[in-house]
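Per this note's numbering, residue 22 is the first one in the sequence shown, and the count goes up by one each step. Ideal placement from N, C-alpha and C gives every residue a C-beta, glycine not left out. I have placed the structure first, in the form of structure tokens, so that the comments after it can refer back to it.
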Amino acid sequence: MSEFLSEILAFPTVIFSGLLGLCLLYWLTVILGALDLDLFDSLMGLDGAEGALESLEALDAVDAVDAVDAASAADVASAGDAADAADAASGGFLDALGISGVPILISFSFLALFGWMISYLGMQLVDDPAWVLGGTLTAGLVLVSSAGLGTLATILTVRPMRRFFTTPDARTHSSLVGSVCTITTSSVDAEFGQGEIDDSAAGLLVQVRCAEDNEMKRGDKALIFDYDPRKQAFKVVPLEDSLAGEARLGQR
Numbered sequence: 022m023s024e025f026l027s028e029i030l031a032f033p034t035v036i037f038s039g040l041l042g043l044c045l046l047y048w049l050t051v052i053l054g055a056l057d058l059d060l061f062d063s064l065m066g067l068d069g070a071e072g073a074l075e076s077l078e079a080l081d082a083v084d085a086v087d088a089v090d091a092a093s094a095a096d097v098a099s100a101g102d103a104a105d106a107a108d109a110a111s112g113g114f115l116d117a118l119g120i121s122g123v124p125i126l127i128s129f130s131f132l133a134l135f136g137w138m139i140s141y142l143g144m145q146l147v148d149d150p151a152w153v154l155g156g157t158l159t160a161g162l163v164l165v166s167s168a169g170l171g172t173l174a175t176i177l178t179v180r181p182m183r184r185f186f187t188t189p190d191a192r193t194h195s196s197l198v199g200s201v202c203t204i205t206t207s208s209v210d211a212e213f214g215q216g217e218i219d220d221s222a223a224g225l226l227v228q229v230r231c232a233e234d235n236e237m238k239r240g241d242k243a244l245i246f247d248y249d250p251r252k253q254a255f256k257v258v259p260l261e262d263s264l265a266g267e268a269r270l271g272q273r
């Protein structure tokens, strides 16, 4: 056992051992999260947070909750934009390898596993004096070979998985213009507001704005007529005003 540990902690295998350890730690965290364990509820003070939320409800602080929801949605949108930029930067490389569409952490985990296996077996092979060219040079060759062969093995393994990760094309902003949404906040103005679009599924929550004075509130219907990329929000008008305007045009 001690000999095995010394070998996996020796250069160059130790590099892949570290990467493999990080991957195992990540997937362990994913598994624990999937099991929905409540091990850290008390440590994180979730009970206190639930009590605070109950107090807010008792004080009828719905508007405050709406503001928090809007801020959270804005943060999520910003994080999504950053992720999109990162995906775009690496998309060409992944396309060239033929593994785009598969979550990058899955590909990275296979690369760490195959690299570790090839590096370990390679160092076992060069233990034969006939193969040894010199300690540092031999380890360097094993490292390069492990990375190259590990990448090849990862590509061959991951490519068949692409079909399991195909998702329907996301709806574009322009495709949502003309849709009717239901206001989910207490008000809508030029800087604040949310609406839900019925997409025949769980519903699509979007940021909405209205520069004109209005009386829209939670539960009202609004018509989306444009998208503001600067504010990352849709421009809306009350549905009744839109229908009234169309009626006046029809009378002319």
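In chain order, what residues of the same chain have a beta carbon less than 7 Å from the beta carbon of G171, not counting five sequence neighbours either side? Cβ within range, chain order: L132, F135, G136, I139.
Would you give the residue range spanned by the alpha helix (DSSP H) that G18 belongs to? Past the boundaries of the shown model lies residue 18; the chain is included only from 22 to 273, so the question cannot be answered.
Which whole-angstrom value describes the C-beta separation of P124 and F186, a residue pair presumed to lie in contact below a C-beta threshold of 8 Å? Their Cβ separation, rounded to whole angstroms, is 7 Å, which keeps P124 and F186 in contact under 8 Å.
For G244 versus V201, is the C-beta spacing smaller than 7 Å? Reading the sequence as shown, one finds Leu at residue 244 and not Gly. Yes; because the gap between Cβ atoms is below 7 Å, this pair is in contact.
For G143, which option in S167, S130, G156, S128 has the closest C-alpha, if you only look at C-alpha atoms? Comparing alpha carbon positions, the residue from S167, S130, G156, S128 closest to G143 is S167.
Could you tell me the boundaries of the beta strand (DSSP E) in which A133 lies? Note, A133: premise wrong, no beta strand (DSSP E); alpha helix (DSSP H) at 125 to 146.
Distance, Cα to Cα, E217 vs G122? Whole-angstrom Cα-Cα distance: 28 Å.
How about I204 and R239: do their beta carbons lie closer than 7 Å? In this structure, R239 lies closer than 7 Å to I204 by Cβ.
May I ask you to report which of helix, strand or coil DSSP gives D247? DSSP places D247 within a strand segment (E or B) once states are collapsed to three.
Alpha-carbon to alpha-carbon, A160 and F32: Each residue's CA atom was taken as its position, placing F32 and A160 some 7 Å apart.
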